[in-house]
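Before any comments, here is the structure.
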Ligand code: UD1
Ligand code: CA
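Residue numbers (the working numbering): 16 to 472.
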């Protein structure tokens, strides 16, 4: 643990350029909020303290920080957003007495890998270090002004820059590792005499130089440090994050991805070796796919667990568990609380919800199984419906091991079909069927010989 270093993360801004009712840092890219990405980059540094400056929609941002659960994370409120320097001024009093170095990060840079922060912390200069990058299109960023000898002199914001300064391709990433004492001294001298009338944090670079503690520049990959200021940049960042995660899955884990450009996998999704992701697959946060499973084409899984060797074709599933070697789809909807055992089959136009389906059981087509416990080796034939809702309460259906529920059976819950029992096709079952019995609940057929002939005549 690094007890001498703390992080300050700036997350109070509204993000005007997002044109949103939701605070910018809460917008999500590849399954995680922008702030979440930054805090996850900080996590492996094992800092004793991370102070997040909140302001705009502070309560929602605080809830997100609690959800992320970074050890040592606290918040300070910047009630009025008067600029990045002002934000840091609010945070510094919250730093513990042992902190001698401060890592300052914006809350809107989701592509930042922890290794870049390690590089920044490793840089050695009296005042500290800042990350810079050379950009093809530096528009919008602060530019790094260097002396003839090449030393960093100051940062000038895009809106305050002269035409010559606008031509500078080296930009300020807005990430710094600064000596605490120098930072505190410089913060006291910040003004707001600039195009936006804000207290710019960037002015500390020049102030620290004047204090005899120059700031060194650490050159970084321009993509890694990119900030997200509008929704077009959000989409670009999400694509970069997904692509990096798919690359990791393909090269380091051994997952086949037929077409990465048509495969959407959130950054925390785990996929095991020899799994195959076919085009149109969307795997959202919290999903885990076991070895050798085949997902897609066109499957959308949200917070699901898929067992070894299962196949999940053209399926939508949310908070469902799919057992090893199960076959799901095509056109299957697995809703919250579905647990499919090993070697199960759920096929076309079947919907399940809050249902435990035992090993080897089958729901091959056209069925609704909700609020149900299905044993092992059960056959739920075509057209079966668990009638679980009477308009006010939900009731449970139990089908015990080895039972055979015939086509078009209505199981009016609460009801139990006993072990090895059968229901006749077309039955509306309202009473329990004991083990080994046949439940039949339909009117007998009457056949009128010659009826058609008489009618026509
Ligand atoms: C900032 C830098 C710029 C740099 C760029 C890198 C300044 C003045 N400019 O510009 O040099 O190139 O980042 O991405 O620092 N925030 C607060 N309180 C405030 C204002 C902002 O917490 O009062 C937070 C925002 O929520 C955001 C971060 O600080 O997470 C950066 O603010 P933003 O407005 O995006 O700064 P940029 O214009 O991108
Ligand atoms: Ca920004």
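Every residue gets a Cβ at the ideal spot worked out from N, C-alpha and C, and that includes glycine.
Could you pull the start and end residues of the alpha helix (DSSP H) that residue i belongs to?
i: residue 328; result: Here residue 328 belongs to no alpha helix (DSSP H), and DSSP marks it neither H nor E.
i: residue 52; result: 49-57
i: residue 168; result: Segment 167-171 is the beta strand (DSSP E) holding residue 168; no alpha helix (DSSP H) there.
i: residue 260; result: 246-263
i: residue 220; result: 218-225
i: residue 178; result: 178-181
Looking at the C-beta of residue i, does it have a partner C-beta in chain B at a distance below 8 Å?
i: residue 126; result: The structure shown contains no chain B; it holds only a single protein chain.
Name, in chain order, the residues that DSSP records as bridge partners for residue i.
i: residue 365; result: 382
i: residue 194; result: 116
i: residue 271; result: 291
i: residue 454; result: 438
i: residue 72; result: 70
i: residue 92; result: 69
i: residue 299; result: 317
i: residue 354; result: 336, 371
i: residue 5; result: Any property of residue 5 remains undetermined from this structure, which presents the chain solely from 16 to 472.
i: residue 279; result: 297
i: residue 234; result: 147
i: residue 414; result: 389, 432
i: residue 448; result: 432
Which stretch, first to last residue, makes up the beta strand (DSSP E) that contains residue i?
i: residue 120; result: 116-121
i: residue 18; result: 17-26
i: residue 161; result: 158-161
i: residue 152; result: Where residue 152 is concerned, there is no enclosing beta strand (DSSP E), given that its DSSP letter is neither H nor E.
i: residue 464; result: Segment: none, residue 464 is in no beta strand (DSSP E) and carries neither H nor E.
i: residue 427; result: 425-427
i: residue 127; result: Where residue 127 is concerned, there is no enclosing beta strand (DSSP E), given that its DSSP letter is neither H nor E.
i: residue 347; result: 347-349
i: residue 99; result: Element bounds for residue 99: not the beta strand (DSSP E) but the alpha helix (DSSP H), 99-106.
i: residue 400; result: 400-402
I think residue i touches residue j, with their Cβ atoms under 8 Å apart; what is that distance to the nearest whole Å?
i: residue 448; j: residue 441; result: Actually they are not in contact, since the Cβ atoms of residue 448 and residue 441 sit about 15 Å apart, beyond 8 Å.
i: residue 28; j: residue 96; result: 6 Å
i: residue 119; j: residue 188; result: With a Cβ gap of about 11 Å, residue 119 and residue 188 do not count as contacting.
i: residue 38; j: residue 76; result: 6 Å
i: residue 200; j: residue 226; result: 6 Å
i: residue 382; j: residue 365; result: 5 Å
i: residue 66; j: residue 102; result: Residue 66 to residue 102, Cβ: 10 Å. No contact.
i: residue 24; j: residue 122; result: 5 Å
i: residue 293; j: residue 309; result: 7 Å
i: residue 92; j: residue 58; result: About 23 Å; that fails the 8 Å criterion.
i: residue 197; j: residue 148; result: Incorrect: roughly 23 Å between the Cβ atoms, too far for contact.
i: residue 436; j: residue 456; result: 13 Å between Cβ atoms; not a contact.
i: residue 217; j: residue 170; result: 4 Å
i: residue 412; j: residue 401; result: 4 Å
i: residue 62; j: residue 87; result: 6 Å
i: residue 376; j: residue 389; result: 5 Å
i: residue 233; j: residue 164; result: Not a contact, Cβ separation roughly 18 Å.
Between the options, which has its C-alpha nearest residue i's C-alpha?
i: residue 317; options: 323, 337, 324, 248; result: 337
i: residue 230; options: 221, 28, 413, 42; result: 221
i: residue 162; options: 180, 419, 155; result: 180
i: residue 439; options: 102, 400, 155, 421; result: 421
i: residue 224; options: 21, 141, 243; result: 141
i: residue 324; options: 172, 360, 184, 369; result: 360
i: residue 283; options: 44, 431, 212; result: 44
i: residue 260; options: 41, 18, 46; result: 46
i: residue 329; options: 143, 344, 320, 35; result: 344
i: residue 90; options: 100, 445, 74, 98; result: 74
i: residue 115; options: 136, 379, 127; result: 136
i: residue 53; options: 82, 78, 100, 126; result: 126
i: residue 408; options: 424, 368, 394, 429; result: 429
i: residue 172; options: 273, 178, 157, 471; result: 157
i: residue 178; options: 195, 202, 194, 153; result: 153
i: residue 131; options: 160, 346, 192; result: 192
i: residue 99; options: 202, 34, 72; result: 202
i: residue 458; options: 388, 466, 444; result: 444
i: residue 301; options: 264, 307, 312, 321; result: 321
i: residue 319; options: 235, 465, 159, 355; result: 355
i: residue 257; options: 463, 60, 280, 416; result: 280
i: residue 267; options: 274, 289, 390; result: 289
i: residue 380; options: 81, 209, 348; result: 348
i: residue 426; options: 462, 463, 387, 391; result: 387
i: residue 477; options: 352, 346, 327, 392; result: Residue 477 lies beyond the range of the chain shown here (16 to 472); nothing can be said about it.
i: residue 332; options: 315, 275, 234, 326; result: 315
i: residue 295; options: 286, 311, 306; result: 311
i: residue 204; options: 210, 214, 195; result: 214
i: residue 117; options: 208, 78, 17; result: 17
i: residue 451; options: 460, 415, 397; result: 415
Run the Cβ filter for me: residues under 6 Å from any heavy atom of ligand 2, listed in the order they occur in the chain.
Residues lining ligand 2 by the Cβ criterion, that is a Cβ closer than 6 Å to any of its heavy atoms, are 121, 123, 242, 244 in chain order.
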